[in-house]
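In this note's numbering, the protein residues as written are 284 to 604.
No residue lacks a Cβ here, since even glycine has one placed at the ideal position from N, Cα and C.
Report on the following structure.
As structure tokens, this is what we get:
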């Protein structure tokens, strides 16, 4: 974790140019008690007694949503998205996923503060759990895309939580970098300038994590139209966070021919009403030579970007062991 002086230095290094201001896991439908049951299962099976010695990305099982924890060996932590109710959910009241699942998982994984929280775009299944995270854990920065038009309840709650906790907000623009330590950094490839005006998913933040020779491309919900606006050619990567829960609208053959991911992770909920992941997307990933992991089948997935090799562990494996 970082002290106050390092937090301020981190803020100076962030060039954003923007404004201050198994089991098949299923997202429970039975309210807070059901969410708590899911949290207990997740926490019990996440084997992380020590901070990792190498960079890890943990894709938390938040049902039909995204939530990624990035940890570096030197103790830095960044959370990208916080899960939340599916857009199709009609449930009323506060979104329980943050308090019941995300915060307990972060604490179990040894996270006591976050260098930054990144919202890829203001949809409920990405923003819904983040207000609870800001209220429960200190955070150095809240990074978000430029927004134009309609937002979700989770985004409005997040803004309120950032104000309450005094967390500075910054708008992400292409070309911004978040330097964490040494060679570890997040580079923001999207959205394109004016991307906040793009409809929904194609205004999503796209981030490239690099540490030494290792890299991970985190696509948010960016679809084919958004892919075309990225700065090409894209580098080969070790890990791909598959866009939009494996939707057929993204992860094109053209993208895969550029990035050649060794490992691909899809965050989606079992039995979701959208048909995610799409069979065509899965086929393209197989043809690209990627080993695919899915949170609906494996629960939380942790990818370690080791100097010598890449390793993957899953919630289901930990529960069996």
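Where residue i falls: helix, strand or coil (DSSP)
i: residue 453; result: strand
i: residue 312; result: Annotation note: pLDDT 47 at residue 312 (below 50); position unreliable, coordinate value reported separately. Coil, per DSSP.
i: residue 461; result: strand
i: residue 389; result: helix
i: residue 394; result: coil
i: residue 614; result: Residue 614 lies beyond the stretch modelled for the chain, which goes from 284 to 604, so this question has no answer here.
i: residue 493; result: strand
i: residue 337; result: coil
i: residue 499; result: strand
i: residue 511; result: helix
i: residue 506; result: coil
i: residue 381; result: helix
i: residue 411; result: coil
i: residue 400; result: strand
i: residue 470; result: strand
i: residue 285; result: Model confidence at residue 285 stands at a pLDDT of 39, short of 50, so the residue's coordinates are unreliable and nothing is read from them.
i: residue 475; result: coil
i: residue 354; result: strand
i: residue 361; result: strand
Residue closest to residue i, alpha-carbon to alpha-carbon, out of the options
i: residue 491; options: 593, 396, 544, 572; result: 544
i: residue 517; options: 487, 473, 529, 600; result: 473
i: residue 532; options: 561, 548, 451, 521; result: 561
i: residue 448; options: 425, 593, 465, 462; result: 425
i: residue 489; options: 552, 503, 499; result: 503
i: residue 383; options: 422, 512, 412; result: 412
i: residue 471; options: 465, 483, 493, 439; result: 493
i: residue 564; options: 397, 599, 534; result: 534
i: residue 435; options: 446, 369, 418, 468; result: 369
i: residue 341; options: 591, 603, 592, 582; result: 582
i: residue 613; options: 599, 400, 379; result: The chain is shown from 284 up to 604; residue 613 falls before or after that span and cannot be answered.
i: residue 596; options: 446, 546, 553, 366; result: 546
i: residue 439; options: 459, 420, 377; result: 377
i: residue 469; options: 569, 484, 594, 500; result: 500
i: residue 508; options: 485, 446, 466, 569; result: 485
i: residue 483; options: 526, 467, 444, 450; result: 526
i: residue 335; options: 603, 602, 590; result: 590
i: residue 552; options: 571, 576, 568; result: 576
i: residue 556; options: 598, 452, 593, 530; result: 530
i: residue 441; options: 418, 433, 457, 538; result: 418
Beta carbon proximity, residue i to chain D, threshold 8 Å
i: residue 466; result: Checking the listed chains, one finds no chain D in this structure; it contains a single protein chain.
Local Cβ density within 10 Å of residue i, reported as buried at 16 or more and exposed below that
i: residue 524; result: buried
i: residue 573; result: buried
i: residue 406; result: buried
i: residue 536; result: exposed
i: residue 428; result: buried
i: residue 487; result: buried
i: residue 355; result: buried
i: residue 578; result: buried
i: residue 496; result: exposed
i: residue 443; result: exposed
i: residue 387; result: buried
i: residue 379; result: buried
Integer-rounded CB distance, given that residue j should sit under 8 Å from residue i
i: residue 408; j: residue 344; result: Wrong, their Cβ atoms sit about 13 Å apart, outside the cutoff.
i: residue 559; j: residue 541; result: Actually they are not in contact, since the Cβ atoms of residue 559 and residue 541 sit about 23 Å apart, beyond 8 Å.
i: residue 339; j: residue 586; result: 7 Å
i: residue 528; j: residue 550; result: 6 Å
i: residue 361; j: residue 385; result: That belief does not hold up - the Cβ atoms of residue 361 and residue 385 are roughly 14 Å apart, past 8 Å.
i: residue 513; j: residue 337; result: Not quite, the Cβ-Cβ distance comes to about 27 Å (not below 8 Å), so this is no contact.
i: residue 365; j: residue 381; result: 6 Å
i: residue 359; j: residue 463; result: 4 Å
i: residue 423; j: residue 397; result: 7 Å
i: residue 584; j: residue 548; result: 5 Å
i: residue 389; j: residue 420; result: 7 Å
The ligand HEM heavy atom lying under 7 Å from the CB of residue i
i: residue 410; result: This structure simply doesn't include the ligand HEM, nor any ligand for that matter.
(request) Identify every run of the beta strand (DSSP E) within the stretch 529 to 586, keeping only runs that are complete inside it and at least 3 residues long; order them along the chain. (result) If we require 3 residues or more, the beta strand (DSSP E) runs fully inside the stretch 529 to 586 come out as 546 to 549, 574 to 577.
(request) Could you tell me which uninterrupted alpha helix (DSSP H) segments, each at least 4 residues in length, are contained entirely in the stretch 418 to 448, listed from first to last along the chain? (result) 436 to 448
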